[in-house]
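See structure below.
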Amino acid sequence: ITPAARLTRRKLFRRLLLASPLAIPLVYADARWIEPDFIRLARVVVKIPGWPKSADGFTIGHLSDTHCDSHSAVVRTGSAVRLLMREKPDAVALTGDFISYNPNAWCTACAEALAPVAAAPQGAFAVLGNHDWWCVGSKPMSRALRSQGIRVLQNRSRELPGVPGAYIVGLEDMIGAHPRPALALEDVPRDAIKILLIHEPDYADMAPPRFSLQLSGHSHGGQIRIPGFKPLYTPKYARKYTEGLMQAKRHQVYVTRGVGMVGPRFRLFCPPEVGLIEIRAA
11 ITPAARLTRR
21 KLFRRLLLAS
31 PLAIPLVYAD
41 ARWIEPDFIR
51 LARVVVKIPG
61 WPKSADGFTI
71 GHLSDTHCDS
81 HSAVVRTGSA
91 VRLLMREKPD
101 AVALTGDFIS
111 YNPNAWCTAC
121 AEALAPVAAA
131 PQGAFAVLGN
141 HDWWCVGSKP
151 MSRALRSQGI
161 RVLQNRSREL
171 PGVPGAYIVG
181 LEDMIGAHPR
191 PALALEDVPR
201 DAIKILLIHE
211 PDYADMAPPR
221 FSLQLSGHSH
231 GGQIRIPGFK
241 PLYTPKYARK
251 YTEGLMQAKR
261 HQVYVTRGVG
271 MVGPRFRLFC
281 PPEVGLIEIR
291 AA
């Protein structure tokens, strides 16, 4: 059975459940124990003006919001990493909220689960999220990620290997820290192609000009959705740009639903995901 067939059958099964007297307990079971581990791969094509023809088709894997706060969350993170790395992305972007609390218990386990992304040919780049900062500051999680070969960008930029004239710009979290774009961009040429990593997607409308693409998480896609409606709830700074590829005031934004959960440990009509962004010249 192909993955598409399994997904179609699963949708049909869930629709039948919703029409039955057992709908409430079965939907609860699905949201609590099944859908949180039903990780999907979201493929997105982004066209960027000025992107070099020599790098046409360059792929960036995007993974966010693992919220490693239990053994099952660490296992889920490992599954998400394996799903992503099977696609052989050229580079990987990690956009924060790696843990939820208790850094002494979970930083190392989370970083070890993420370690395979460092094998991407052009490297793995990370920024921190608000939960990472709330766990006694940035040092425990950033140190754990760096120990696995993942570059942590805290108001810093790095040239994107393999793409002439392109940079990855990583800004600090809006809630737990302070994004400082002037600091991050001080060594970046004005006309360079700049891909922004920041945890909160709504920063897009506050960002300075000349970014080409922003990758963010934070929203979880809402976690609990009603088909055909907007998310019931998304956190502060994830209320305008909540999911998928969108056009902000100055640049494109891709927001992933993320891998983990926070608050009620449920996902309904909002499965976890990892993204594979293919970049082409506009």
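For the sequence shown, my numbering assigns the number 11 to the initial residue and increments by one for each residue that follows. Backbone N, C-alpha and C define an ideal beta-carbon position, used for all residues, glycine too. If you're wondering where the values come from, they're calculated on a predicted model, not measured in any experiment.
Under the three-state DSSP convention, the category residue i falls into
i, result
"His72", "strand"
"Arg50", "strand"
"Glu283", "strand"
"Leu206", "strand"
"Leu181", "coil"
"Lys259", "coil"
"Tyr264", "strand"
"Arg277", "coil"
"Leu163", "coil"
"Leu155", "helix"
"Arg235", "coil"
"Lys63", "helix"
"Ala128", "helix"
"Ile289", "strand"
"Ala187", "coil"
"Leu138", "coil"
"Ile11", "Below a pLDDT of 50, predicted positions are generally treated as unreliable, and Ile11, at 49, falls in that range; no measurement from the model is reported."
"Ala217", "coil"
"Ala194", "helix"
Residue i burial status per 10 Å Cβ neighbour count (16 or more: buried)
i, result
"Gly159", "exposed"
"Ile236", "exposed"
"Pro282", "buried"
"Pro219", "exposed"
"Ala192", "exposed"
"His81", "exposed"
"Trp143", "buried"
"Gln233", "buried"
"Ser157", "exposed"
"Ile34", "exposed"
"Arg92", "exposed"
"Ala194", "buried"
"Val146", "exposed"
"His228", "buried"
"Gly238", "exposed"
Host alpha helix (DSSP H) of residue i (start-end)
i, result
"Glu122", "113-124"
"Ser314", "Examination of residue 314 is not possible in this model, given that the chain is present from 11 through 292 alone."
"His88", "First, the amino acid is wrong: residue 88 is Gly here, not His. It spans 81-95 - the alpha helix (DSSP H) in which Gly88 sits, taken as one unbroken run."
"Val37", "33-39"
Delimiting residues of the beta strand (DSSP E) encompassing residue i
i, result
"Ser148", "Segment: none, Ser148 is in no beta strand (DSSP E) and carries neither H nor E."
"Leu104", "101-105"
"Leu223", "223-226"
Beta-carbon separation (whole angstroms), residue i vs residue j, contact threshold 8 Å
i, j, result
"Val56", "Gln262", "6 Å"
"Ile203", "Trp43", "The Cβ separation is near 43 Å, so there is no contact."
"Gly254", "Val265", "6 Å"
"Leu286", "Gly106", "The Cβ separation is near 19 Å, so there is no contact."
Residue-level contact to chain D via CB, residue i, 7 Å cutoff
i, result
"Pro46", "Here there is only one protein chain, and chain D is not present."
Count the C-beta pairs between the region 48-57 and the region 162-173 that are closer than 8 Å, then say yes if the count reaches three, no if not.
The answer is no - the region 162-173 does not touch the region 48-57, with fewer than three Cβ pairs under 8 Å.
Does the region 253-262 touch the region 64-71, meaning 3 or more C-beta pairs lie closer than 8 Å?
No: the two stretches stay apart, fewer than three of their Cβ pairs being nearer than 8 Å.
Three or more C-beta pairs below 8 Å linking the region 238-254 and the region 86-101:
Not touching, per the Cβ criterion.
Count the CB pairs spanning the region 124-134 and the region 170-177 that are closer than 8 Å, and state whether there are at least three.
Flag = yes, the region 124-134 and the region 170-177 touch.
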